[in-house]
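Please read the structure below before turning to the comments.
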Amino acid sequence: MSSTTGSYRSSNIHERAPSRTALTIPTIAPPNGNYSHSNTIPSNRSTVYLCGLMGELPGDGRIISGGVAAQTTQIMRNLKAILEASGSGLNKVVQRRVFLVDMGDLKTVERIWGEWVKEPFPVSTCVQIVRLAKEAAKVEIEVVAETN
C-alpha cells in the first residue's frame with residue numbers, strides 16, 4: 001500500500017516461484033507440520049514484516065464467529081490481501097509465528113494453512129498463550145515474507 005495515496009499496487013509478483021532455499025535437515029527430527037528447518041533468502045531480495053493477525057472481519061474488526069477454523073481462514077484471507085498489497089504473496093512467506101490459546105487447535109490451523117500455502121514451507125514457531133489481545137480470538141499468526 002502506498003503510504004501517500006493509500007491505494008493498492010497491482011502486481012503479479014506473488015505468482016512467481018520463491019527464490020529462497022528451504023532446507024529440511026535429515027540428521028534431525030523431521031518437521032511435524034507445514035514448515036521447513038530453515039530458509040535462506042538471497043541478499044538481493046527485500047522482506048516485508050507483518051503484524052500478528054487475528055480472525056478480524058474487514059470494516060469493524062470483530063473476530064469472526066465459528067471457532068478456530070473460521071478464524072484461521074479469515075487470517076489467511078487477511079494475510080493474502082496484505083502480502084499482495086506489499087508486493088509479495090503467501091508463497092513468499094519465509095517465517096511464521098502461530099499463537100494459540102489451545103494447543104489442541106494446532107491440527108486445524110495446520111490443515112487450513114496447508115490449503116493456502118504449498119512447499120517450500122516457511123520456518124515456523126507455535127506458542128500456546130493464555131489469551132490474545134481480543135478475548136474472542138483463538139489464534140494469531142504473524143509472518144515475514146520476501147518481496148521483489
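Quick note on full-length UniProt numbering: the sequence shown kicks off at 1 and runs consecutively. C-beta: ideal position from N, C-alpha, C; glycine also.
Under the three-pair Cβ rule at 8 Å, the segment 33-49 counts as touching the segment 71-88. As computed with DSSP, E146 is found in a beta bridge with T47. A29 sits in coil when the DSSP states are folded into three classes, being neither helix nor strand.
DSSP places T125 inside the beta strand (DSSP E), whose first and last residues are 123-128. With fewer than 16 neighbouring CB atoms inside 10 Å of its own CB, D60 falls in the exposed class.
T27 and V123 have their alpha carbons spaced roughly 17 Å apart.
A distance below 6 Å between beta-carbons, with the five flanking residues on each side excluded, links V143 to the following residues of its chain, in chain order: L50, V93, R96.
Counting only the Cα atoms, R62 lies some 24 Å from G89. Here DSSP, grouped into helix, strand and coil, assigns T24 to coil.
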